[in-house]
Amino acid sequence: MARDILESVASARALYYDFFAGLFLYELLSERSSVLLKQVKILKENILNERDNAHFELLESELERKGTQQILREYTHTFILPFAVPHESDCKNEKVKSENTQIMLYLSHYLEGYLNGKALLKARSLTKQSTFRLNTQECKESEEHLGFLLLLMRHLLLSPNEGDRVLSAQVVDELVIPLGDFVVAALIQREDLSYYASVGYLLQSFLNVERSLK
1 MARDILESVA SARALYYDFF AGLFLYELLS ERSSVLLKQV KILKENILNE
51 RDNAHFELLE SELERKGTQQ ILREYTHTFI LPFAVPHESD CKNEKVKSEN
101 TQIMLYLSHY LEGYLNGKAL LKARSLTKQS TFRLNTQECK ESEEHLGFLL
151 LLMRHLLLSP NEGDRVLSAQ VVDELVIPLG DFVVAALIQR EDLSYYASVG
201 YLLQSFLNVE RSLK
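Each residue of the sequence shown is one higher than the last, beginning at 1 in UniProt numbering.
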C-alpha cells in the first residue's frame, strides 16, 4: 500500500515537471499545444494553492482560443531576446522600465554572474550519474537550463532504476529549487507579462510543495 502511494505521488510530481518543461523549453512549447491543454485541465482539478485556479484558467482559455501562439511570443520576449522591448505609452516622457529585460534560465547566471560556471559542472555531473539521455529534438539547452532540469526530474521520478529515484532528491535540492526560486522571483516582478506571470505563480506553488517533501 505504501509503495502504491509513493508511486502515485511520483507520478503526480512527474506530471507537474513535464507540464513546466513544456513551458520553459521552446522546442516543446512550439509543438505541445494539445498536450499542454490536457495537462492544464488535469492539474486544475487538483490545485496546490487556491490562487492557482485563476492562473490555470487563464492558460486554459488562451490554449483553447489560439493554442500556444501568443504564449510562444511572450516566451521569446521574456527569455530569448537579449534586449529590452519598449512598451507603448500614452505619456511620451515616461521612461522605459527595465522590467522587460531578458530573464535567464541558467543557474550559473544567478549563482556566479555568468554562464557555464560551476553550476553547469554540477548539473552535468549529476546527469551523468543517471540513466537519462537527452533527446536533442526536445531540448537544445545545456544541463543547467531550467527546462532541461525539469525534463531530467520527470525521467528520474518515473524511472524503474532505484538510483535515479534516489538521485532525484539531490537534483531537486541542489538545482531545481534554487534555480526555480530565482526564475519565479524574476517573473513575478515583471509587470509586462500575461501568461508567464501566471506560470511563475504556478511554479512557486509547486516548488513550495517540493520543498515540503525534503
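The beta-carbon is built from N, C-alpha and C at its ideal position, and this holds for glycine as well.
Within the segment 1 to 66, not a single complete beta strand (DSSP E) segment reaches 3 residues in length.
With fewer than 16 other beta carbons inside 10 angstroms of its own, A169 counts as exposed. Between the segment 49 to 61 and the segment 186 to 206 there are three or more inter-stretch CB-CB distances shorter than 8 Å, so the stretches are counted as touching. F79 and Q102 do touch by the CB rule: their CB atoms are close to 7 Å apart, below 8 Å. For E112, same chain residues with a beta-carbon under 8 Å away, outside a window of 5 residues either side, are K118, A119 in chain order.
The beta carbons of R13 and L157 sit closer together than 9 Å.
When the beta-carbon positions are compared, L29 and T68 come within less than 9 Å of each other. Separation of I188 and D181 (C-alpha to C-alpha, rounded to the nearest whole angstrom) is 11 Å. Per DSSP, M104 lies in no alpha helix (DSSP H) segment and is marked neither H nor E. Taking C-beta atoms as the reference points, L149 and V184 fail to come closer than 9 Å. Using a Cβ distance threshold of 9 Å, A21 and G147 count as a contacting pair.
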